[in-house]
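According to our numbering, the sequence shown holds residues 24 to 335 in order. The beta-carbon is built from N, C-alpha and C at its ideal position, and this holds for glycine as well. Below is one structure; the comments refer to it alone.
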Amino acid sequence: MENVNLGVFDTAKTYAGHLGKKGSVTDYAIYNYKAPESYLCAYEPTSFPEKISPLLYCAAMTDYQVLVPRAPSKELGEMIVALDLLGKKAYVDNSTISAEEFRPFVKGTKIEAYETAPSEGPDAKNFFAGLRPARENRGLFIPVDSSFVVKSVGTVALGTVMGGTIAIHEELEIFPSGKKFSARSFQVHDQDVKEAGPGARIGIALKGIEVKDVGRGSIIAPAGTVKCASSFEVEFEKSRFYQQEIKEGETLSACIGMHYFSVKIKYIDGKKIGFVTVTGEKVALPDMPVFIAKAEAKMRIVGIGRKAVLLI
């Protein structure tokens with residue numbers, strides 16, 4: 024079965040409800056639909072705009088995005104900025120706003136080239152379930168979005184396979200905690216399976232691992248394959264909609280996959296920026312973009328970093 028993960032950016036928060044059955048809900052919700060040849064998971068940032076992090080999670084963790092603009096607003100503006108920076112293949116439902124209202128909001132952005140999505144309704148879920156993501160050939164890594172204890176099973180971690188394939192009995196490591204385990208059992212959409220490939224929504228039983236060692240933002244991958252550091256450098260693209268100057272020593276927030284944490288700018292060298300975690304904690308640096316945000320700013324999304332490398 025193919026796996027399709029879709030980020031739904033709808034200011035009214037109604038479009039995703041037509042795409043599948045509502046599943047887990049935290050600061051974002053996942054709607055699940057099993058089509059004849061694929062699983063569709065639609066991610067909706069339910070706690071946005073109160074918090075900026077769910078918007079960034081739902082953008083970073085999905086293969087495609089659909090933008091559903093209702094009216095010009097700050098909320099719509101931040102959705103546009105995130106999707107423009109990310110640059111993934113995406114769609115827009117043009118039926119929900121007039122061209123005269125929408126065009127000025129997206130002028131000069133990648134959203135101008137978005138393909139048209141079906142209006143919310145039964146046709147939409149079949150359209151998106153029929154997409155086939157063109158994924159990069161990457162090694163196995165699974166960003167964890169939640170973990171909890173199940174009686175008679177132990178700790179269970181939920182996440183999405185962003186690259187590679189996980190197989191039963193594979194020896195794996197949790198980053199940055201460094202805890203190691205054998206993948207003795209896991210499920211995809213509540214079904215026991217022996218392997219799971221890119222895009223699969225997976226629950227893994229972690230025998231002998233405590234919840235504190237595999238929290239949200241942890242990465243599960245083969246031993247030694249994910250870099251961890253308290254300071255790192257990225258090639259940075261500042262959003263042209265963020266009007267403030269960024270300075271050395273400034274405290275901001277970083278979002279890598281499902282990990283949202285505070286950082287301080289260590290140095291700025293042209294398009295390269297060095298960051299250090301405010302707490303001094305080591306963070307996992309998987310092959311994913313790094314959103315940078317400032318929660319108290321009028322436009323909260325500062326920009327995006329790529330090609331993260333650790334600093335000694």
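- Of the candidates 168, 101 and 126, 168 places its Cα closest to the Cα of residue 66.
- Three or more beta-carbon pairs drawn from the region 270-283 and the region 74-87 are found closer than 8 Å, and the two stretches are therefore classed as touching.
- Within its own chain, the residues whose Cβ lies closer than 8 Å to the Cβ of residue 246, once the five positions on either side in sequence are excluded, are 194, 195, 196 and 203, listed in chain order.
- In the three-state DSSP reduction, residue 98 falls in the helix class (H, G or I).
- Distance check between residue 75 and each of 105, 28 and 64 places 105 closest, using alpha-carbon atoms only.
- About 17 Å separates the CB atoms of residue 264 and residue 328; that is not less than 8 Å, and the two are not in contact.
- Residue burial annotation: residue 276 is buried, with at least 16 other C-beta atoms found within 10 angstroms of its C-beta.
- Minimum Cα-Cα distance from residue 267 among the listed residues 233, 325 and 249 corresponds to 325.
- For residue 95, the number of other beta carbons within 10 angstroms of its own is below 16, and it is reported as exposed.
- About 5 Å separates the Cβ atoms of residue 256 and residue 297, confirming a contact at the 8 Å cut-off.
- Contact between the region 96-116 and the region 58-73 is present: three or more C-beta pairs spanning the two stretches fall below 8 Å.
- In the three-state reduction of the DSSP assignment, residue 160 falls in the coil class.
- Cβ contact annotation for residue 239 (same chain, cutoff 8 Å, sequence separation greater than five): 167, 168, 169, 170, 281 and 282, in chain order.
- For residue 146, the enclosing alpha helix (DSSP H) begins and ends at 145-152.
- In this chain, the alpha helix (DSSP H) harbouring residue 128 covers 122-129.
- With 16 or more other CB atoms across the displayed protein chains lying within 10 angstroms of its CB, residue 143 is buried.
- Put simply, of 224, 205 and 189 the residue whose alpha carbon is nearest the alpha carbon of residue 218 is 189.
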